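Protein chains in written order, with this note's numbering: chain A, 860 to 1216; chain B, 860 to 1216.
A virtual CB, placed ideally from N, CA and C, is assigned to each residue, including glycine.
This one's a predicted model, so the numbers in the text were calculated from it and none came from an experiment.
Reviewing the structure listed below.
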């Protein structure tokens, strides 16, 4: 068990050793630690060695130039200058919030960026301003479109955070694929098969073998086959790709230059990074803020008190489990998986930093 | 087989007999006929008797007042004055487009409205202006949240239309539930069971009996169980409900006063109608229009030429089948199901209009 402060300080030190300025190292550490607190450990410290590898491979710049390429009253296009999303995305979300203050809403597309951590972090930034926050990104091509043989789309997460009044906010933050890559890794490390309908092998045939994803296979879209609405999942993941990458001019779907060693790279592909898309909407852009909050309280309560099916205790409001986890881990401490610990130990040696196992 | 013009004229006449002004009757007919052409017949003329019933039951006003209650440079809240969505929604989408012209994007929430036909109709209106169009609506509570016993959310469709250059546009238009109510009706009328995982009965247990939906059962969310990402489907359908109804102050989720006889009504419920949400984004709000269109062409071609899985011919770009259907039905004519024909015959008698079977 580690304390939040201990892991935060270590993570910030790693980013500083990579060459990030102290305030940006702190910002990047804050995003990863938020994932740990919220029990989204697939996007927490287990990623730190991946970021270091991107830096070692000269895929990213640690002091990137943040350029607003074009703007209108409610929109902007940002070039992230080959920086980590952990550095660029907080500034882009801030810009969306600034736009919303005057225009009612703000929308920022980002290109030339890299992995930004949990989408929910950015969406939740809007809550502090009495705004709805939206964040999405594209990613490594691991998801096969409906009827396609190969992975061509990312697990493309989307997050939407909506403020309430007396109730805590609604925070949805989910990969648009039925499971994340990290979840498939967990099935494999535990020696389990994945549930039917989630994966296909390199030939495009259904499989329950989690290793298929590392061996040329692909994730299915949310819904699975067309009888179960899988084509809607394809639409959803496509929309995130288009908003993140076509709006901005980043690498889209199959042209994303992968950060995962086992995803086939396009030889000589131009690397315009991945793309993100952020939105901020003032709640009082539609109704008086108090009315909006009362309405959202009513919404949350109606679903929270819903009658559960037999064998289940309750209906879960998006954001509830993560908020409960934050509170618990902040006081009780954070447990890390063995893969994460060994990754951090390696980084500690590499950067000559102390790290207690 | 009926001609497009014949059915359009009949439909417009029915709306005129209900008391809609000629131009609004023509507008309403255009939306329903677009659904027929695009082979989304569940939202076509089969709905006409439902609209007439809403009018007979005094649930809707045929000459509603369209009120802009509040606005910012990029947003507006509209009260639809208890009109049909077919009348109110085109005006709201137009307002979103007008806002986008100056602010870069425009976003309009609507309350006090009723069924608006296919969401794709509104999203596609933006294409004519070199804008991305977005439309969504909430609906009758038929979908059970993850772990909930009862239907509390609508099939809540979302449509996103994105212009391209030489390629036809990307048009995604889908109910966020794995299947629509209309699809379940079709399984039932053909004496078939529904695929596993789509439905639950009145007790909350899984069922493949399509009649369950009319007997207190509910649709599952996109993804199905949590192992297959059904909680993400719950998030998605919830987001559409919140954007459509909480933003606007319409009836949300379980408080929607149903238009379907077999959905349990809340006694004494206040009827603020259902809610819609529309968005329009200028493509040149992010990049020069030509660059955006070239990027979208590249996106569409990459997916269209994707290698299919064995046994499938091709990967389908969202909007392709509907566009092909429009072209075909415009020249070859439109076939109507027997339920639709008998509904139209009844309306013809009611309004003393000629109708050839």
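- Taking a Cβ-Cβ threshold of 9 Å, the residues of chain A close to residue 1166(B) are 1007, 1008, 1009, 1063, in chain order.
- If you check the CB distance, residue 995(A) and residue 968(A) do not come in under 8 Å.
- Interface with chain B (8 Å Cβ-Cβ cutoff): residue 995(A) is excluded.
- Burial is judged here by how many other beta carbons sit within 10 angstroms of a residue's own beta carbon; residue 989(A) has fewer than 16 and is exposed.
- Taking the Cα positions, residue 910(B) is about 13 Å away from residue 875(B).
- Taking a beta-carbon distance threshold of 8 Å, residue 988(A) does not count as an interface residue toward chain B.
- Under the DSSP assignment, residue 972(B) falls in the beta strand (DSSP E) whose first and last residues are 964-972.
- Here the C-alpha atom of residue 1045(B) lies approximately 14 Å from the C-alpha atom of residue 1058(B).
- For residue 882(B), the closest of 908(B), 906(B), 862(B), 922(B) by C-alpha to C-alpha distance is 922(B).
- By the 16-neighbour rule on beta-carbons within 10 angstroms, residue 1113(B) is buried.
- Shown here for residue 1085(A): same chain residues with a beta carbon closer than 8 Å to its own, the five before and five after excluded, namely 1005 in chain order.
- With respect to the C-alpha of residue 1061(A), the residue from 1122(A), 1037(A), 1022(A) having the closest C-alpha is 1122(A).
- Annotation: the continuous alpha helix (DSSP H) that includes residue 1207(B) extends over 1197-1210.
- Counting other Cβ atoms within 10 Å of its Cβ, residue 865(A) stays below 16 and is therefore classed as exposed.
- For residue 936(A), the uninterrupted beta strand (DSSP E) segment begins and ends at 934-942.
- If you draw a straight line from the Cα of residue 1002(A) to the Cα of residue 1130(B), it is about 42 Å long.
- Shortest Cα-Cα distance from residue 997(B) to any of 1206(B), 1020(B), 984(B), 972(B) involves 972(B).
- No Cβ of chain B is located within less than 8 Å of the beta carbon of residue 915(A).
- Under the 10 Å beta carbon count, residue 1022(B) is surrounded by 16 or more other beta carbons and is classified as buried.
- Contact note: residue 1171(B) reaches chain A through 1006, using a C-beta cutoff of 8 Å and chain order.
- Within its own chain, the residues whose Cβ lies closer than 6 Å to the Cβ of residue 879(A), once the five positions on either side in sequence are excluded, are 921, listed in chain order.
- Taking a Cβ-Cβ threshold of 7 Å, none of the residues of chain A is close to residue 1078(B); the smallest such distance is about 10 Å.
- Residues of chain A with a Cβ closer than 8 Å to the Cβ of residue 932(B) are, in chain order, 932, 933, 961, 962, 963.
- Neighbours of residue 1000(A) in chain B, taken as residues whose beta carbon is under 9 Å from its own, are absent, since the nearest beta carbon is some 10 Å off.
- Excluding five sequence positions before and after residue 951(B), the CB atoms of its chain that fall closer than 6 Å to its own CB belong to 937, 967, 969, 1137, given in chain order.
- Chain A places a beta carbon closer than 8 Å to that of residue 1019(B), counting this residue as a contact.
- Judged by DSSP secondary structure, residue 1190(B) falls outside any beta strand (DSSP E) and instead within the alpha helix (DSSP H) spanning 1179-1191.
- Linking residue 1132(B) to residue 944(B) through their CA atoms gives a straight-line distance of about 10 Å.
- When DSSP states are grouped into helix, strand and coil, residue 930(B) belongs to the strand group.
- 8 Å or more divides the Cβ of residue 1012(B) from the Cβ of residue 1027(B).
- Going by C-alpha positions, residue 1041(B) is about 38 Å away from residue 1143(B).
- Selection 919(A), 885(A), 884(A), 896(A) evaluated against residue 1118(A) yields 919(A) as nearest (Cα-Cα).
- In chain order, 1019, 1031 make up the part of chain A whose C-beta sits under 7 Å from the C-beta of residue 1098(B).
- Taking a 10 Å sphere around the C-beta of residue 949(A), we find 16 or more other C-beta atoms and assign the residue as buried.
- At a beta-carbon threshold of 9 Å, the residues of chain B lying near residue 1057(A) are 1086, 1087, 1088, ordered along the chain.
- At a cut-off of 8 Å, the C-beta of residue 972(B) has no neighbouring C-beta in chain A.
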